[in-house]
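What follows is one structure encoded as structure tokens, with my remarks underneath.
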Amino acid sequence: MVTIAFKNLALSNAAQRGMPHERICFTPHPVWGKTDAEMYAYLEGNDPVSGKSLMKEVVDVLTQPLTAEESKTGTVTPDVGPPTFIDTSDNLQQYYIDNGMTDFMHIQLPTQEKVDAMLKGTSHHPDEVVGKMCPARGSYPEWSYTVRHVAINAVMAGALPEYLPTILAIASSGVTALSSSTNSFAVAAVINGPIRDKLNMNYGIGAMGPFAQPNAAIGRAWTMVSRNLGSSGTPGQTYLGTFGNSVNYNNLIIPENEKDSPWTPLHVQKGFKPEQNVVSLFVGFSISQGQAGVGLGVKPVPQFHEALRYNMIPFGPLFGALGVLDPLVAQGLVELGFKTKEQLADWLQKNSTISAKDARSTLFGGRWVRDPQTPDDARIPYYAKADSYNFVVVGGQTNPYHMVANMSYRVSVPIDQWA
Amino acid sequence: MNRRKMLSLLGMSPALLAASRAEAAKTKTKTTKPMAGAGKIEALNPKGIPPPIQLVPMAPRLKSLDGKTIYLVSDGFPGADHFLAQVGLWFKKNMPDVTTVYRLKAGAFADDDPKLNAEIKAKGNAVIMAIGH
Numbered sequence: 032m033v034t035i036a037f038k039n040l041a042l043s044n045a046a047q048r049g050m051p052h053e054r055i056c057f058t059p060h061p062v063w064g065k066t067d068a069e070m071y072a073y074l075e076g077n078d079p080v081s082g083k084s085l086m087k088e089v090v091d092v093l094t095q096p097l098t099a100e101e102s103k104t105g106t107v108t109p110d111v112g113p114p115t116f117i118d119t120s121d122n123l124q125q126y127y128i129d130n131g132m133t134d135f136m137h138i139q140l141p142t143q144e145k146v147d148a149m150l151k152g153t154s155h156h157p158d159e160v161v162g163k164m165c166p167a168r169g170s171y172p173e174w175s176y177t178v179r180h181v182a183i184n185a186v187m188a189g190a191l192p193e194y195l196p197t198i199l200a201i202a203s204s205g206v207t208a209l210s211s212s213t214n215s216f217a218v219a220a221v222i223n224g225p226i227r228d229k230l231n232m233n234y235g236i237g238a239m240g241p242f243a244q245p246n247a248a249i250g251r252a253w254t255m256v257s258r259n260l261g262s263s264g265t266p267g268q269t270y271l272g273t274f275g276n277s278v279n280y281n282n283l284i285i286p287e288n289e290k291d292s293p294w295t296p297l298h299v300q301k302g303f304k305p306e307q308n309v310v311s312l313f314v315g316f317s318i319s320q321g322q323a324g325v326g327l328g329v330k331p332v333p334q335f336h337e338a339l340r341y342n343m344i345p346f347g348p349l350f351g352a353l354g355v356l357d358p359l360v361a362q363g364l365v366e367l368g369f370k371t372k373e374q375l376a377d378w379l380q381k382n383s384t385i386s387a388k389d390a391r392s393t394l395f396g397g398r399w400v401r402d403p404q405t406p407d408d409a410r411i412p413y414y415a416k417a418d419s420y421n422f423v424v425v426g427g428q429t430n431p432y433h434m435v436a437n438m439s440y441r442v443s444v445p446i447d448q449w450a
Numbered sequence: 017m018n019r020r021k022m023l024s025l026l027g028m029s030p031a032l033l034a035a036s037r038a039e040a041a042k043t044k045t046k047t048t049k050p051m052a053g054a055g056k057i058e059a060l061n062p063k064g065i066p067p068p069i070q071l072v073p074m075a076p077r078l079k080s081l082d083g084k085t086i087y088l089v090s091d092g093f094p095g096a097d098h099f100l101a102q103v104g105l106w107f108k109k110n111m112p113d114v115t116t117v118y119r120l121k122a123g124a125f126a127d128d129d130p131k132l133n134a135e136i137k138a139k140g141n142a143v144i145m146a147i148g149h
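Taken in sequence, the protein lines are chains A and B. For reference, each letter of the first sequence is one residue, going 32 to 450 in my numbering. For reference, each letter of the second sequence is one residue, going 17 to 149 in my numbering.
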């Protein structure tokens, strides 16, 4: 029995798992927040898809003999269409949009000539398999893709050939930018190493805005890759985010401002050498401003750590915490005694707590308070481990501002292996 | 959208699905080289490689539910436990010969739960799984 909001998801998922005729009965949506009487009324009513009496239908699907189609065995290879499309430029632009292959904005058409030029950005063979991806691991079949597939999508996103190794590194992670979750998740890619300057990435003023080609195109390519190679981003089937998220257009691309940061760069924290080029990926809810945090008006040194703690209060345990700090904030935190990112993480882990009573009342209460004997007034850490907190320094020092993201670190991928 | 139309839109014969719209592609595109001077260009398909799908035959059905045990399984989404309690109540009122057993599946919603599956095979006759919230 599936609530009607997940109709297409249920049908497509069943089919992709080999049961295209699975017997599914649908109920109205939602059941969450409804009274027992309201839910019982659902059962006494009709299936909103078939129009039949719901519980009679339930009994029927359990007792009516299988049809020949329902008993079929064998293997079927899905068809993703012809290798090329031929039409005028305008018609092709509309065709790619109409068939869900873009972010609904115009693309650079992936002609063979453009793709060949893009492939010069890597030494890897075009037919080499790069990775696997799906909208939510474990919930959907994983699609695979080659260097050529990634190059096609990089062209569509407006990337230059020198961006390709970074895009391949992201694609190789298998992390989709378009999670199927109803939560409308966002993703972030923190880029470290000399490649930031080699590609002329912006890590100063407006770094996370639409003000630099590599930042914009690499981020957009991640979304293209997710849609076309990771089978993500079809609303109702592989994307269920109730609001959607404008961050998904080109994602949070954050080249760390290493030269103005007083701290160790993120990739070195993750075990790489400073001269290595690395992209580190984060997944979670999204990102929000930090200017309203308590302690920022304290003089002469604003209490940035208190502001971070305050701004992370709405965070839930589903994901960790990512602090995005202007270099002025990082320098201020050093003055406050936080000589390393790790010291800041330790302080936040020890000082960010919620009462067991409040934790239990949240949607994620079971993740926070596992022992039913825990007293209501016990203080529960937001995160059990300090490494749930990560920080990246970026920005142009026009003001000591920070942002906070309820996002978890996923993986760091060396970019150079895809050069 | 009905199942057949969605199957077609997703690029599969009505017997199968894939997350693409290749049926539409077949009607609008050609795979031959464009003719010179035709004002047309050729662009590459950006789609990746879906895995082959192994068709799974569905379990045989029961002749009747009389005297049978039906497991009511929640995947853990909010509200599913209360909803299934109402399903159990419906059977008690309308088909009292049916026994229902509620279970919360272990792990995340898409995770397999071999222990529960084994229990159902040993003790149950049918399963109703609730998905949604």
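Glycine included, each C-beta is placed from N, C-alpha and C at the ideal position.
Specify the secondary structure class of residue i as computed by DSSP and reduced to three states.
{"i": "V365/A", "result": "helix"}
{"i": "I198/A", "result": "helix"}
{"i": "T254/A", "result": "helix"}
{"i": "Q404/A", "result": "coil"}
{"i": "N288/A", "result": "coil"}
{"i": "R398/A", "result": "helix"}
{"i": "G104/B", "result": "helix"}
{"i": "V18/A", "result": "Nothing about residue 18/A can be read from this structure; chain A reaches only from 32 to 450."}
{"i": "M239/A", "result": "coil"}
Does residue i have its Cβ less than 8 Å from a Cβ in chain B?
{"i": "V423/A", "result": "no"}
{"i": "N259/A", "result": "yes"}
{"i": "W378/A", "result": "no"}
{"i": "Q125/A", "result": "no"}
{"i": "Y71/A", "result": "yes"}
{"i": "S383/A", "result": "no"}
{"i": "E297/A", "result": "It is Leu, not Glu, that sits at residue 297/A in the sequence shown. Output row for L297/A: interface = no."}
{"i": "N281/A", "result": "no"}
{"i": "L312/A", "result": "no"}
{"i": "W253/A", "result": "no"}
{"i": "P109/A", "result": "yes"}
{"i": "H60/A", "result": "yes"}
Residue i versus chain B: which residues are under 7 Å apart at the beta carbon?
{"i": "Y176/A", "result": "G64, I65"}
{"i": "M136/A", "result": "The contacting residues do not exist; M136/A stays about 15 Å from chain B at best."}
{"i": "N184/A", "result": "P62"}
{"i": "A41/A", "result": "I147"}
Please name the residue in the options whose C-alpha comes closest to that of residue i.
{"i": "V143/B", "options": "A124/B, I57/B, Q70/B, V114/B", "result": "V114/B"}
{"i": "S90/B", "options": "A101/B, I69/B, G83/B, D82/B", "result": "A101/B"}
{"i": "E88/A", "options": "K103/A, P113/A, F57/A", "result": "F57/A"}
{"i": "P12/A", "options": "E75/A, H52/A, Q362/A, S311/A", "result": "With chain A running from 32 to 450 in the structure shown, residue 12/A is simply not present."}
{"i": "W449/A", "options": "S277/A, V181/A, T98/A", "result": "V181/A"}
{"i": "V80/A", "options": "G224/A, P157/A, P403/A, H60/A", "result": "H60/A"}
{"i": "Q70/B", "options": "Q47/A, T94/A, M86/A", "result": "Q47/A"}
{"i": "P266/A", "options": "S84/A, F422/A, M132/A", "result": "M132/A"}
{"i": "H149/B", "options": "R168/A, S212/A, L123/A", "result": "S212/A"}
{"i": "S262/A", "options": "I35/A, L40/A, M32/A, T98/A", "result": "L40/A"}
{"i": "A219/A", "options": "A247/A, G76/A, P348/A, A190/A", "result": "A247/A"}
{"i": "N164/A", "options": "M255/A, P403/A, V329/A", "result": "Position check: residue 164/A holds Met in this sequence, whereas Asn was assumed. The candidate whose alpha carbon is nearest that of M164/A is M255/A."}
Would you verify that the beta carbon of residue i is, or is not, closer than 8 Å to some beta carbon of chain A?
{"i": "P112/B", "result": "no"}
{"i": "N61/B", "result": "yes"}
{"i": "E175/B", "result": "This structure gives no information on residue 175/B, because the portion of chain B shown stretches from 17 to 149."}
{"i": "D82/B", "result": "no"}
{"i": "V103/B", "result": "yes"}
{"i": "G140/B", "result": "no"}
{"i": "V72/B", "result": "yes"}
Does residue i pass the burial test, meaning 16 or more other C-beta atoms within 10 Å, or should it be called exposed?
{"i": "A338/A", "result": "buried"}
{"i": "S210/A", "result": "buried"}
{"i": "R258/A", "result": "buried"}
{"i": "Q268/A", "result": "buried"}
{"i": "Y398/A", "result": "In the sequence under discussion, the amino acid at residue 398/A is Arg, which differs from the Tyr named in the question. Label assigned to R398/A: exposed."}
{"i": "L120/B", "result": "exposed"}
{"i": "H52/A", "result": "buried"}
{"i": "A202/A", "result": "buried"}
{"i": "D110/A", "result": "buried"}
{"i": "N110/B", "result": "exposed"}
With hydrogens ignored, establish whether the beta-carbon of residue i is closer than 7 Å to any heavy atom of the ligand MG.
{"i": "M86/A", "result": "This structure does not include the ligand MG; it has no bound ligands of any sort."}
List the residues of chain A whose Cβ lies closer than 7 Å to the Cβ of residue i, in chain order.
{"i": "P130/B", "result": "In chain order: nothing, as chain A lies at least about 14 Å away."}
{"i": "I144/B", "result": "M32, V89"}
{"i": "I136/B", "result": "Going along chain A, no residue has its Cβ under 7 Å from I136/B, so there is no contact; the nearest lies around 14 Å."}
{"i": "K79/B", "result": "T94"}
Listing by chain order, which chain A residues have their CB less than 8 Å from the CB of residue i?
{"i": "K121/B", "result": "Per Cβ cutoff of 8 Å: no residues; K121/B is ~13 Å from chain A at best."}
Name the chain B residues whose beta carbon is nearer than 9 Å to that of residue i?
{"i": "A99/A", "result": "Those within 9 Å of A99/A in chain B number zero; the least Cβ separation is about 10 Å."}
For residue i, return the contacting residues in chain B, with the cut-off set at a CB-CB distance below 8 Å.
{"i": "W63/A", "result": "F93, P94, G95, H149"}
{"i": "M132/A", "result": "P62, K63"}
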